[in-house]
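Novice: Those protein sequence lines, which keep their order, are chains A and B. Numbering-wise, the working numbering comes out as the position in the first sequence, counting from 1, plus 20. Numbering-wise, the working numbering comes out as the position in the second sequence, counting from 1, plus 2. Note that beta-carbon positions come from the ideal geometry of N, C-alpha and C, so glycine has one too.
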Amino acid sequence: MHSEKVREILDKNGRLSSPVPDLSDDSDLYSAGLTSLATVSVMLALEDEFDIEIPDNMLSRKTFESISSIVETVNELAE
Amino acid sequence: MMKPLCQKGLDKDEFSALIKQVHEIGKTVILPAAADVDSEARFPKEGIDALKEAKLLSAYVPADLGGMELNITQLAKVCEILGQYCGSTAMVYAMHQVLVACLVHHSLGDGYFRRYLKELVEEQRLIASATTEVGISGDLRSSICAVNVEGDRFTLNKQAPVISYGEDADDLMVTCRRSEDASAGDQLHVLLKKGDFELEHTFSWDTMGFRGTCSDGYNITSSGHVQQIFPEPFSEILSEAMHPSAHILWGSLWIGIATDAVNKARSYVRSAARKNPEGAQVSSLRLAEVATTLQEMRHNMYVSVKNYQEILEAGDSAAISNFGFAIQINNLKLSCSELMVDIVGRSLLICGLSGYRNDSEYSLSRHIRDSYGAALMVNNDRIRGHNATMLTVHREG
Numbered sequence: 021m022h023s024e025k026v027r028e029i030l031d032k033n034g035r036l037s038s039p040v041p042d043l044s045d046d047s048d049l050y051s052a053g054l055t056s057l058a059t060v061s062v063m064l065a066l067e068d069e070f071d072i073e074i075p076d077n078m079l080s081r082k083t084f085e086s087i088s089s090i091v092e093t094v095n096e097l098a099e
Numbered sequence: 003m004m005k006p007l008c009q010k011g012l013d014k015d016e017f018s019a020l021i022k023q024v025h026e027i028g029k030t031v032i033l034p035a036a037a038d039v040d041s042e043a044r045f046p047k048e049g050i051d052a053l054k055e056a057k058l059l060s061a062y063v064p065a066d067l068g069g070m071e072l073n074i075t076q077l078a079k080v081c082e083i084l085g086q087y088c089g090s091t092a093m094v095y096a097m098h099q100v101l102v103a104c105l106v107h108h109s110l111g112d113g114y115f116r117r118y119l120k121e122l123v124e125e126q127r128l129i130a131s132a133t134t135e136v137g138i139s140g141d142l143r144s145s146i147c148a149v150n151v152e153g154d155r156f157t158l159n160k161q162a163p164v165i166s167y168g169e170d171a172d173d174l175m176v177t178c179r180r181s182e183d184a185s186a187g188d189q190l191h192v193l194l195k196k197g198d199f200e201l202e203h204t205f206s207w208d209t210m211g212f213r214g215t216c217s218d219g220y221n222i223t224s225s226g227h228v229q230q231i232f233p234e235p236f237s238e239i240l241s242e243a244m245h246p247s248a249h250i251l252w253g254s255l256w257i258g259i260a261t262d263a264v265n266k267a268r269s270y271v272r273s274a275a276r277k278n279p280e281g282a283q284v285s286s287l288r289l290a291e292v293a294t295t296l297q298e299m300r301h302n303m304y305v306s307v308k309n310y311q312e313i314l315e316a317g318d319s320a321a322i323s324n325f326g327f328a329i330q331i332n333n334l335k336l337s338c339s340e341l342m343v344d345i346v347g348r349s350l351l352i353c354g355l356s357g358y359r360n361d362s363e364y365s366l367s368r369h370i371r372d373s374y375g376a377a378l379m380v381n382n383d384r385i386r387g388h389n390a391t392m393l394t395v396h397r398e399g
């Protein structure tokens with residue numbers, strides 16, 4: 021349900037090489053150019069937008085691998 | 003002489019479950035009480051009770067006596083985690099474990115002490131230590147008082163300037179001379195159980211930090227059965243168990259305090275970055291720097307603990323009485339106590355006034371005050387003096 025917001029945040033902070041609208045929810049974001057440093061900006065923006073704090077155990081490559089995995093994380097934390 | 007004591011330790015899964023449990027106790031019981039323990043300089047009763055409940059007071063006791071049989075590496079980790087929640091609670095726990103280590107490494111051949119350790123497991127008895135004495139200015143290796151043996155009974159009186167949590171402990175372990183005509187360094191270690199001793203309060207503990215250790219001074223009057231006197235001389239107990247385990251366990255909880263300070267600094271930087279995501283701030287560079295120092299502190303500890311554990315597993319008396327090992331353990335204490343002040347201080351710079359405040363979630367007041375105590379409990383200058391003496395003759399490698 022947070023998919024649109026997550027896409028906006030990725031567009032602004034993700035520094036992706038492919039345009040976000042071209043990506044499906046399951047596209048591999050790392051193939052789309054997401055770097056681990058850029059995930060920090062994405063993460064901070066997500067925390068700010070959804071008023072959540074992403075715990076250490078979720079700071080993994082898997083959490084940021086696709087739009088759907090990010091949305092899933094946000095849903096879990098924003099409950 | 004020490005015998006090989008290969009404490010097998012918990013396996014990986016059991017130990018991770020234990021670590022999780024210690025964090026849970028830390029979050030739900032120890033941390034909520036930490037500010038009050040600190041401001042009131044009171045014994046951290048709820049924390050120690052919770053550790054008793056979890057049977058953690060006998061964590062280092064071998065399994066055949068009913069204990070958890072953690073190895074020294076695992077015990078150090080438990081102290082480190084406790085340090086993240088409350089320095090005083092962690093310090094009380096660590097000081098107790100140092101005495102348990104003396105019992106485990108130096109009395110298992112004796113029927114009385116084996117029975118005592120079983121009682122310790124069953125009743126989760128808390129032991130306090132009376133090593134220093136009025137008139138000897140902090141030198142553990144000298145005593146003025148002496149144990150007086152008549153038949154199978156003894157009497158022992160001591161003026162102790164400091165007995166941490168003396169009033170809340172069940173039992174006491176006291177150093178003294180072997181007899182009235184023994185020299186100051188000819189010492190024994192004596193276990194006094196509740197009922198054997200009386201404490202007359204002499205000095206109060208109103209300090210900057212580690213306030214909840216309640217390290218007041220007392221005059222001890224005691225009597226007991228000669229079987230309560232350790233079979234081995236205190237000098238061996240000190241060099242093989244008390245000295246290494248004290249500096250390892252204290253250092254570990256100091257790492258815990260430093261870790262918590264850096265974690266606060268990190269949350270501060272993260273929250274600032276969230277508000278202003280434009281580029282790296284000075285504070286995030288400082289965070290990167292202080293993280294390097296914390297890693298140095300931690301790694302220094304890991305190497306020393308590993309070394310000590312290997313020596314214990316091999317029962318290597320020669321290695322343990324070697325100057326090289328004593329120097330290493332002394333250096334560990336010097337380095338941990340000094341790095342702790344450095345790390346907490348730099349975390350304060352990162353958190354700024356939010357860290358300086360007492361009423362903020364980033365407050366580092368307790369961490370700062372605790373950290374300055376580390377160099378003073380067994381004064382670093384005394385330890386450095388010992389190393390200076392040993393290093394005139396000891397050569398590396």
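Cutting at 8 Å between CB atoms, please list the residues of its own chain near F70/A, excluding the five before and the five after it.
Specialist: Correct list, in chain order: H22, K25, V94, L97, A98.
Novice: Is the shortest distance between the beta-carbon of R300/B and the beta-carbons of chain A less than 8 Å?
Specialist: No, R300/B does not count as interfacial toward chain A.
Novice: May I ask you to list, following chain order, the residues of the segment 61 to 73 of chain A that have a beta carbon less than 7 Å from some beta carbon of chain B?
Specialist: Answer set for the segment 61 to 73 of chain A: S61, L64, A65, E67, D68.
Novice: Assuming P163/B is part of the beta strand (DSSP E), what are its boundary residues?
Specialist: From DSSP, the beta strand (DSSP E) with P163/B extends over 155 to 165.
Novice: Taking only beta-carbon atoms, is A263/B less than 8 Å away from chain A?
Specialist: With 8 Å as the cut-off, A263/B does not count as an interface residue toward chain A.
Novice: Between which residues of its own chain and S206/B is the CB-CB distance below 7 Å, once the five residues before and five after are set aside?
Specialist: Result list for S206/B: D218, in chain order.
Novice: So, for Y87/B: in the same chain, excluding its five sequence neighbours on each side, which residues have a beta-carbon less than 6 Å away from its beta-carbon?
Specialist: Closer than 6 Å at Cβ, skipping near neighbours: G28, I32, L33.
Novice: Specify, as a first and last residue, the run of the beta strand (DSSP E) that Q311/B falls within.
Specialist: Not the beta strand (DSSP E): Q311/B falls in the alpha helix (DSSP H), residues 284 to 316.
Novice: Tell me which residues share the same chain as L43/A and place their Cβ nearer than 7 Å to its Cβ, disregarding the 5 neighbours each side in the sequence.
Specialist: A52, I87.
Novice: What do you reckon, are the CB atoms on V149/B and C178/B nearer than 8 Å?
Specialist: Cβ distance < 8 Å, so V149/B and C178/B count as in contact.
Novice: Taking the straight line between their C-alpha atoms, what separation do you get for N411/B and L72/B?
Specialist: Since the first residue shown for chain B is 3 and the last is 399, residue 411/B is missing from the structure and cannot be characterised.
Novice: Can you look up C81/B in the DSSP assignment and give me helix, strand or coil?
Specialist: Helix, per DSSP.
Novice: Confirm, please, whether the CB-CB distance from V264/B to L296/B is below 8 Å.
Specialist: It is a contact, given that the beta carbons lie within the stated cut-off.
Novice: Please report whether the beta-carbon of A36/B lies at a distance below 8 Å from any beta-carbon of chain A.
Specialist: With 8 Å as the cut-off, A36/B does not count as an interface residue toward chain A.
Novice: Do L77/B and G317/B have their C-beta atoms within less than 8 Å of each other?
Specialist: Contact: no.
Novice: Please report the Cβ distance between R384/B and G140/B, rounded to the nearest whole angstrom; I am assuming they are in contact, meaning their Cβ atoms lie under 8 Å.
Specialist: Their Cβ separation, rounded to whole angstroms, is 7 Å, which keeps R384/B and G140/B in contact under 8 Å.
Novice: Which one or two residues does DSSP pair with N221/B in a beta bridge?
Specialist: In the DSSP output, where bridge partners are listed per residue, N221/B has Q161/B, E202/B.
Novice: Out of N33/A, E28/A, R27/A, which has the shortest C-alpha to C-alpha gap to N278/B?
Specialist: It is N33/A whose Cα lies nearest to the Cα of N278/B.
Novice: Assign M175/B to one of three DSSP states: helix, strand, or coil.
Specialist: Residue state, collapsed to three classes: strand.
Novice: For the segment 334 to 354 of chain B against the segment 366 to 375 of chain B, are there 3 or more C-beta pairs whose distance is under 8 Å?
Specialist: Yes, they touch.
Novice: For S337/B, which residues in the same chain have their Cβ closer than 6 Å to its Cβ, ignoring the five residues on either side in sequence?
Specialist: Contacts found: N302.
Novice: Please state whether the Cβ-Cβ distance between D183/B and F45/B is less than 8 Å.
Specialist: Against a cut-off of 8 Å, the Cβ pair of F45/B and D183/B comes out as no contact.
Novice: In the DSSP assignment, what are the bridge partners of I231/B?
Specialist: V192/B.
Novice: Answer yes if the segment 42 to 61 of chain B comes into contact with the segment 228 to 245 of chain B, meaning at least three C-beta pairs across the two stretches below 8 Å, and no otherwise.
Specialist: Contact fails: fewer than three Cβ-Cβ distances are below 8 Å.
Novice: Inspect the beta-carbon positions of E125/B and S254/B and report whether they are closer than 8 Å.
Specialist: The answer is no: Cβ separation not under 8 Å.
Novice: Report, in whole angstroms, the separation of the C-beta atoms of I250/B and G85/B, which I expect to be a contact under 8 Å.
Specialist: Not confirmed; about 13 Å, so no contact.
Novice: Just to confirm, is the Cβ distance from G68/B to K14/B under 8 Å?
Specialist: For G68/B and K14/B, no; Cβs fall outside 8 Å.
Novice: With a threshold of 7 Å, establish whether the CB of E340/B neighbours any heavy atom of the ligand SAH.
Specialist: Although the ligand SAH was asked about, the structure shown includes no ligands whatsoever.
Novice: Please give me, in chain order, every unbroken run of the alpha helix (DSSP H) with length at least 4 that falls completely inside the segment 21 to 46 of chain A.
Specialist: As far as the segment 21 to 46 of chain A is concerned, its whole alpha helix (DSSP H) runs of at least 4 residues are 23 to 33.
Novice: Determine the contact status of I259/B and S373/B, defining contact as a CB-CB distance below 8 Å.
Specialist: In this structure, S373/B lies closer than 8 Å to I259/B by Cβ.
Novice: Between F156/B and G113/B, which are expected to be in contact by the criterion C-beta below 8 Å, what is the C-beta distance as a whole number of angstroms?
Specialist: Contact doesn't hold; Cβ gap of about 18 Å is too wide.
Novice: I need the boundaries of the alpha helix (DSSP H) containing A19/B, first residue and last residue.
Specialist: 14 to 27 is the extent of the alpha helix (DSSP H) around A19/B.
Novice: Distance check for E85/A and K335/B, CA to CA, integer angstroms please.
Specialist: Cα to Cα, the separation comes out at about 44 Å.
Novice: Output, in chain order, the set of chain A residues within a Cβ distance shorter than 7 Å of R276/B.
Specialist: Result: L64, E67, D68.
Novice: Any idea what DSSP makes of E363/B, helix, strand or coil?
Specialist: Of the three classes helix, strand and coil, the one that applies to E363/B here is coil, per DSSP.
Novice: Under three-state DSSP, which class holds E73/A?
Specialist: Looking at E73/A - three-state DSSP - the assignment turns out to be coil, as it is neither helix nor strand.
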